[in-house]
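Position 58 (the sequence shown) corresponds to 71 in our numbering; numbering is contiguous.
No residue lacks a Cβ here, since even glycine has one placed at the ideal position from N, Cα and C.
Just below is one structure, and these are the notes that go with it.
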Amino acid sequence: MPHYVGLDVSQKTTAICVVDERGQRLWRGECTTEPGAIAARVFKHAGVDAKVGIETGSMTPWLVHGMRGTGYRVAAQSEGSRSTGSRVAGGNCSFTFVKQ
């Protein structure tokens, strides 16, 4: 069963929320805003096949490239964009992943 991860990024810490394909929250926490630290938490709580969503912002390019470098599929999403699929709420943000 795939897991989906929403990241709510600030300069020092990132809130992380993991849900299953039904949208049931499996874990919520936070860590330092650093790709390696985020990837370690995602791996521990969502596994290697998790899909990760991050809202666009000034740190997005750095985090997306860093997370992709660890093997995760990462999608940046503009605030307010809409799609269908699994919804992830993490901290103060939410993402909707399109099922492919």
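Looking at the DSSP output, A89 sits in a beta bridge with I67. Counting only the Cα atoms, G84 lies some 16 Å from L20. A check of alpha carbon separations from S91 across M80, G70 and G79 identifies G70 as the nearest. Pairing H16 with A63 gives a Cβ-Cβ distance under 8 Å. Along the region 22-50, the beta strand (DSSP E) occurs as fully enclosed runs of 3 or more residues at 26-33 and 38-45, listed in sequence order. Separation of A59 and P74 (C-alpha to C-alpha, rounded to the nearest whole angstrom) is 22 Å. Counting along the chain, V77 sits inside the alpha helix (DSSP H) bounded by residues T73 to G82.
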